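Participant: Line order of the protein sequences matches chains A and B.
Numbered by my numbering, the letters in the first sequence go through residues 1 to 291 in order.
Numbered by my numbering, the letters in the second sequence go through residues 1 to 320 in order.
Idealized CB from N, CA, C, for every residue including glycine.
This structure is a prediction, so every number in the text was calculated from the model and none was measured.
The structure that follows is given in the form of structure tokens.
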Amino acid sequence: MAEFLQLVVSGIATGAIYAVAALGFTLMWQAAGVINFAQGEFVMLPAFGMLMCIGVGMPLWLAFLVTCVAAALVLGYAFKRGIADPLIHHGVIPLVIATLGVSIAAKSFVRSGYSAMAQQFPSPFPEGVFHVAGVTVSFADAGTLVIAGAIVLSLQAFLNRTVTGRAMQAVAQNTESARVLGIDVSRMVLYVFVINALLACVAALLITPIYLAKFDMGETIGTKAFFAAIIGGFNQTRGALLGGVLIGVMENVVGYYLSPAYKEGVALVLFLLVILFRPEGILGRREERKV
Amino acid sequence: MSPAARNIALAIAILALATSAFFLQRSQVYLLSLCCVYVMATMGLNLTMGYAGQMSLGQAAFFGIGAYIDAILTTKLGVSFWVVIPIAAVACFFVGLALGFPALRVQHHYLAFATLGFNVLVYLVMRNEEALTGGTFGISNVPRPYLFTWSLDSERAYFWFTLAALVIVAILMRLLLRSPWGRAFAALRDNPIRAESLGINITAYTLLAFAIGAAYGGVGGVFYAGLVQYVEPSTFYFTTSLMMLLAVILGGSGRFFGPVIGTVIVILLPEVLRSSSSPALQFMQKWYLVAFGVALVVLMVWLPGGLLSIGDRRARKAAA
């Protein structure tokens with residue numbers, strides 16, 4: 001039982017990181033109709049950004065802040081203006097392919113320009129463990145959980161309690177009505193892109209110490225973020241959290257009790273089950289189709 | 001060009017390609033066969049994507065399933081290559097049905113991620129089930145087939161064999177697309193809700209297109225295993241699926257010859273860069289994937305229909 005709880009706790013911590021990446025995914029889809037296939041690379045690039053900042057002597061917190069600013073500009077503003085804006089009218093597929101292009105370019109850029117080897121990454125949390133009710137918890141897991149939880153809660157508060165947040169939700173629900181009501185749609189969509197870039201930076205800060213910085217680290221994170229978003233419900237912010245945690249915990253449990261070799265397949269199986277039996281996701285609402 | 005003239009030109013081009021094998025080095029003939037093999041798979045992907053409008057990121061998984069079926073059945077059970085082809089096609093068709101059924105009931109981009117995840121899963125099975133697949137070592141000494149009593153062991157003979165097979169599967173694809181079924185695929189790509197109101201069962205048709213596309217991938221895989229005579233998991237990782245997808249997009253999805261052009265570029269370009277000795281081209285070899293990704297973004301922004309749509313774009317400009 002103790003080992004089971006152990007697995008659940010560390011699974012929740014990993015899952016919370018998936019959830020942070022999944023949140024950005026969900027927001028982009030809701031507000032802008034953009035499915036970002038480069039979501040994983042949006043996590044990988046800030047990881048290398050921070051490494052470079054650390055390389056020139058910055059402490060981790062400063063490197064993180066600098067990377068956040070850079071990410072907001074490049075992965076938020078420039079991505080929206082350069083790729084999403086011109087392609088949004090052509091339907092989903094050209095945009096998906098363009099983001100795939102971004103993903104390939106980003107991966108090969110880091111591999112050719114920086115290194116193909118996995119790089120160590122400093123943890124923002126102190127080493128060591130503490131014990132709660134017979135379960136050993138590392139400071140890293142606890143810290144990850146606190147930060148990811150705080151981000152999800154404050155994002156939800158921002159979306160529900162502030163005027164800007166509500167305006168963003170209005171854009172997500174019905175772009176035309178939002179425009180008629182005088183909401184600056186383009187600005188709200190820009191906010192979403194910037195928030196997505198910042199969430200990616202946080203995910204990078206939390207996951208890279210565990211998985212190391214490598215040019216292809218985004219492949220796993222990107223797919224899991226998507227699966228987490230679907231499993232929880234694509235049109236719900238809380239859904240991403242539930243989906244992420246579910247995947248994290250199930251991966252740990254399956255990896256330990258069944259077969260570590262098939263850990264990576266867990267998210268797919270959960271995803272297939274959800275879309276077979278509850279296609280709108282566990283917390284999702286049904287959506288009508290438009291002609 | 002009239003259809004008859006076009007067919008004659010095409011036949012001449014294929015004959016010229018077949019004759020070229022006499023003048024090329026062994027390794028170059030091998031590359032041509034490799035193109036043929038991949039075109040079978042991308043042609044299937046083009047049916048799924050270009051004609052039925054579904055994103056699939058798992059074509060390499062079906063390609064791999066076909067290759068492994070051939071490798072396992074021919075080396076371990078001594079089954080003939082000729083029997084393996086239909087087995088692989090049918091197997092991939094049904095796996096495609098099983099995977100596409102849940103994904104296609106819901107929103108369409110879900111298929112993209114379902115196939116992506118499926119590709120990872122297939123890779124894991126290939127890598128981990130050592131008793132069956134040989135694990136990371138793969139399976140070597142996959143035999144090449146006989147055509148009646150004529151051995152296809154030589155590079156040239158196998159190229160002709162693959163080219164002939166490609167022509168046959170291409171003709172089958174053409175017939176399928178010209179049939180009422182094929183028309184229905186295009187109708188549901190262009191406006192799914194309208195197609196549904198005209199009485200086309202969207203889910204059934206998309207599912208069918210996806211499963212047939214998967215079967216093409218499987219057949220391509222069988223020919224791949226015969227060509228390389230060695231299969232190992234990393235060939236069939238989802239990066240290969242991405243490459244196949246890009247080949248279709250680059251050539252122009254929904255155009256019959258789009259995947260042919262795209263695949264030739266995607267397969268041959270890196271080989272040309274690798275084998276060259278000029279420093280400029282070697283520099284390109286290191287950075288070509290970056291350029292490729294950027295080019296893809298630019299292509300989408302500027303020419304969403306792929307390379308073969310340049311003509312249309314010109315025509316539209318002239319008319320405007």
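Got a sec? Which residues, its chain only, sit under 8 Å from K290 of chain A by beta carbon, not counting five neighbours each side?
Facilitator: The pLDDT assigned to K290 of chain A is 44, lower than 50, so where the model puts this residue is not dependable; a value taken from the coordinates is nonetheless given after this. Hits under 8 Å: none found.
Participant: Can you tell me the Cα-Cα spacing of E2 of chain A and P209 of chain A, whole angstroms?
Facilitator: Position check: residue 2 of chain A holds Ala in this sequence, whereas Glu was assumed. Rounded to whole angstroms, A2 of chain A to P209 of chain A spans 26 Å at the Cα level.
Participant: Is the CB of I195 of chain A under 7 Å away from at least one CB in chain B?
Facilitator: Output row for I195 of chain A: interface = no.
Participant: Could you pull out every residue in the same chain whose Cβ sits closer than 8 Å to the Cβ of C35 of chain B, ignoring the five residues on either side in sequence?
Facilitator: Closer than 8 Å at the Cβ level, and outside the excluded window around C35 of chain B, lie T263, V264, I267 and L268.
Participant: Have a look at M117 of chain A and M217 of chain A and give me their C-alpha separation to the nearest angstrom.
Facilitator: Cα to Cα, the separation comes out at about 11 Å.
Participant: Determine the DSSP secondary structure at Q28 of chain B, reduced to helix, strand or coil.
Facilitator: Reduced to three states, the DSSP call for Q28 of chain B is helix.
Participant: On the three-state DSSP scale, how would you describe L147 of chain B?
Facilitator: Three-state result, L147 of chain B: strand.
Participant: Name the DSSP bridge partner or partners of T305 of chain A?
Facilitator: The shown model of chain A, from 1 to 291, leaves out residue 305 of chain A, and the question about it has no answer.
Participant: To the nearest angstrom, report how far apart N252 of chain A and I85 of chain B are at their CA atoms.
Facilitator: Cα-Cα distance, rounded: 40 Å.
Participant: For the stretch 256 to 274 of chain A, enumerate the residues whose C-beta is nearer than 7 Å to any C-beta of chain B, in chain order.
Facilitator: From the stretch 256 to 274 of chain A, only A261, Y262, E264, G265, A267, L268, F271 and L272 have a Cβ closer than 7 Å to chain B.
Participant: For W82 of chain B, count neighbouring C-beta atoms within 10 Å of its own C-beta (all shown protein chains included) and say buried if the count is 16 or more, exposed if not.
Facilitator: Exposed, because fewer than 16 other Cβ atoms sit within 10 Å of the Cβ of W82 of chain B.
Participant: Please classify L296 of chain B: is it buried, with 16 or more other beta-carbons within 10 angstroms of its beta-carbon, or exposed?
Facilitator: That one is buried.
Participant: By Cβ distance below 7 Å, which residues in the same chain neighbour M55 of chain B in space, the five residues on each side in sequence not counted?
Facilitator: Same-chain partners within the cutoff: M49, H109, L111 and A112.
Participant: Please decide whether V301 of chain B counts as near chain A, where near means a Cβ-Cβ distance under 7 Å.
Facilitator: Yes, V301 of chain B counts as interfacial toward chain A.
Participant: For V79 of chain B, which three-state DSSP category applies?
Facilitator: Residue state, collapsed to three classes: coil.
Participant: So the alpha helix (DSSP H) M126 of chain B belongs to, where does it begin and stop?
Facilitator: From DSSP, the alpha helix (DSSP H) with M126 of chain B extends over H109 to N128.
Participant: Would G284 of chain A pass as a contact of G233 of chain A if the rule is Cβ separation under 7 Å?
Facilitator: The answer is yes: Cβ separation under 7 Å.
Participant: Would you check if the stretch 5 to 17 of chain B and the stretch 229 to 238 of chain B touch, i.e. whether three or more CB-CB distances between them fall below 8 Å?
Facilitator: Verdict: no, contact absent.
Participant: Between which residues of its own chain and S309 of chain B is the CB-CB distance below 7 Å, once the five residues before and five after are set aside?
Facilitator: Around S309 of chain B: G252 and L303.
Participant: Using the three-state DSSP reduction, which class does V231 of chain B fall into: helix, strand or coil?
Facilitator: It is a strand residue.
Participant: Below 9 Å on C-beta distance, what does N128 of chain B contact in chain A?
Facilitator: Ordered by position in chain A, the residues that pass the 9 Å Cβ test against N128 of chain B are S259, A261 and Y262.
Participant: Is A213 of chain A helix, strand or coil by DSSP?
Facilitator: If DSSP states are grouped into helix, strand and coil, A213 of chain A belongs with the strands.
Participant: Where does G138 of chain B land, buried or exposed, given buried means 16+ other C-beta within 10 angstroms?
Facilitator: Classification of G138 of chain B: buried, given that the 10 Å Cβ count is 16 or more.
Participant: Pull out every residue of the stretch 115 to 148 of chain B whose Cβ sits closer than 8 Å to any Cβ of chain A, in chain order.
Facilitator: Answer set for the stretch 115 to 148 of chain B: L116, G117, F118, V120, L121, L124, R127 and N128.
Participant: Compute the beta-carbon to beta-carbon distance between T42 of chain B and P259 of chain B, rounded to the nearest angstrom, for a pair I have assumed lies under 8 Å.
Facilitator: Their Cβ separation, rounded to whole angstroms, is 4 Å, which keeps T42 of chain B and P259 of chain B in contact under 8 Å.
Participant: Run the CB neighbour count on S103 of chain A, radius 10 Å, all protein chains shown included, and call it buried at 16 or more, exposed below.
Facilitator: Looking at its Cβ environment, which holds 16 or more other Cβ atoms inside 10 Å, S103 of chain A is buried.
Participant: Can you tell me which of the three DSSP states S2 of chain B falls into?
Facilitator: In the structure shown, S2 of chain B sits in coil (DSSP, three-state: anything other than H, G, I, E or B).
Participant: Is the Cβ of T223 of chain A closer than 7 Å to any Cβ of chain B?
Facilitator: So yes, T223 of chain A belongs to the interface.
Participant: Assign S103 of chain A to one of three DSSP states: helix, strand, or coil.
Facilitator: The answer is helix: DSSP assigns S103 of chain A an H, G or I state.
Participant: Quick check on DSSP: helix, strand or coil for S140 of chain B?
Facilitator: In the structure shown, S140 of chain B sits in a strand (DSSP, three-state: E or B).
Participant: Quick check on D141 of chain A: buried or exposed, where buried means 16 or more other Cβ atoms within 10 Å of its Cβ?
Facilitator: So D141 of chain A counts as buried.
Participant: Smallest Cα separation from W29 of chain A: which of A:P260, A:G248, A:Q236 and A:G255?
Facilitator: Taking only the C-alpha atoms, the option nearest W29 of chain A is A:Q236.
Participant: When you compare the CB of G243 of chain A with every CB in chain B, is at least one pair closer than 7 Å?
Facilitator: Output row for G243 of chain A: interface = no.
Participant: Does the distance from the C-beta atom of G182 of chain A to that of L124 of chain B stay below 7 Å?
Facilitator: Contact flag unset, no.
Participant: Apart from the five residues just before and just after I261 of chain B, which ones in its own chain have a Cβ nearer than 6 Å to its Cβ?
Facilitator: G251, listed in sequence order.
Participant: Can you tell me whether Q119 of chain A is helix, strand or coil according to DSSP?
Facilitator: Q119 of chain A falls in the strand class under three-state DSSP.
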